[in-house]
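Chemist:
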Amino acid sequence: MSEREGAAAEEENRHDPEAERLGQRLEYLFAYVQPFGRRYTLNEVVDGIRAAAKPGDPTLSTGRLWALVKGRAGNPTIGTLRALGDFFGVPQAYFIDDEVADRVAAQLALIAAMRANDVRSVALRAAAVATMSTHGVDTVRLLIERSGLIGKESPGAPSQAEAPGSPYEQPSV
């Protein structure tokens, strides 16, 4: 394909509703699937897919993934959708079926809300223990220290300055 044909194909895909929908769904995964307390980078996703790939499985370049996320590349292979689904822990149907996508999005939003409320949960558990024990204050202090809320930050967790925005914000597309 010549450079001119490639540019024309990219321009055509830029307005492809299917490519845009796929891009929005990928962007949602990047926004809500954050096991490190931050978004995955494109390189981390590509490296993760490559590491999990068996001989003959499709892999993905960073450029291709970027184009998919931005809604500028359409028609990924079933293998690519499977690899992306496996990496993010969602069924490949998430990318093509609106009902599945809605269910998965609701589940991811619930998980994000649960993470946001984790601090409150630790405090409630600590308060319950404090009322049941003569050593309640020490137990509460120990629970808080173990949760990483006092003193040092948890290893691998981003500082507040590095933490992403609210999990309820709409991902930008």
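Residue numbering for the sequence shown follows the numbering used here, beginning at 3 and increasing consecutively.
Heads up, the beta-carbon is just placed ideally off N, CA and C, and yes, glycines get one too.
1. Work out the CA separation of Pro78 and Lys56 for me, nearest whole Å.
2. By a C-beta neighbour count over all protein chains shown, 10 Å radius and 16 as the cutoff for buried, is Ile51 buried or exposed?
3. Specify, as a first and last residue, the run of the alpha helix (DSSP H) that Ala21 falls within.
4. Going by DSSP in three states, Ile98 sits in which element: helix, strand or coil?
5. Buried or exposed for Phe97, going by 16 or more other Cβ atoms inside 10 Å?
6. Hey, how far is the Cα of Phe38 from the Cα of Leu70?
7. Taking the alpha-carbon of Val48 as reference, which of Ile80, Gly58, Ala85 has the nearest alpha-carbon?
8. Which whole-angstrom value describes the C-beta separation of Leu112 and Thr82, a residue pair presumed to lie in contact below a C-beta threshold of 8 Å?
9. What span of residues does the alpha helix (DSSP H) with Val92 cover, start to end?
10. DSSP three-state call for Leu62: helix, strand or coil?
11. Between Glu20, Ala21, Leu24, Tyr34, which lies nearest to Gln109 when the distance is taken from Cα to Cα?
12. Should Gly65 be labelled buried (16 or more other beta-carbon atoms within 10 Å of its own) or exposed?
Modeler: For this structure:
1. In the sequence shown, residue 56 corresponds to position 54, counting from 1. In the sequence shown, residue 78 corresponds to position 76, counting from 1. For Lys56 and Pro78, the distance between alpha carbons rounds to 19 Å.
2. The sequence position of residue 51 within the sequence shown is 49, counting from 1. With 16 or more other Cβ atoms within 10 Å, it is buried.
3. Walking along the sequence shown from the start, residue 21 turns up at place 19. Run containing Ala21: 19-34, per the alpha helix (DSSP H) assignment.
4. The residue given as residue 98 occupies position 96 in the sequence shown. Ile98 falls in the coil class under three-state DSSP.
5. In the sequence shown, counting from the first residue as 1, residue 97 sits at position 95. Its Cβ being crowded by 16 or more others within 10 Å, Phe97 is buried.
6. As a working mapping, residue 38 is identified with position 36 in the sequence shown. As a working mapping, residue 70 is identified with position 68 in the sequence shown. In a straight line, the C-alpha of Phe38 is about 23 Å away from that of Leu70.
7. Taking the first residue of the sequence shown as position 1, residue 48 is located at position 46. When only C-alpha atoms are compared, the closest one is Ala85.
8. Here residue 112 refers to the residue found at position 110 when the sequence shown is read from its first residue. Here residue 82 refers to the residue found at position 80 when the sequence shown is read from its first residue. The pair is not a contact, with the Cβ atoms about 27 Å apart (cut-off 8 Å).
9. Mapped onto the sequence shown, residue 92 falls at position 90. No alpha helix (DSSP H) holds Val92; DSSP gives it neither H nor E.
10. Translated into positions along the sequence shown, residue 62 becomes position 60. Reduced to three states, the DSSP call for Leu62 is coil.
11. For the purposes of this step, residue 109 is taken as the residue at position 107 of the sequence shown. The candidate whose alpha carbon is nearest that of Gln109 is Tyr34.
12. Taking the first residue of the sequence shown as 1, we reach residue 65 at position 63. Burial call: exposed.
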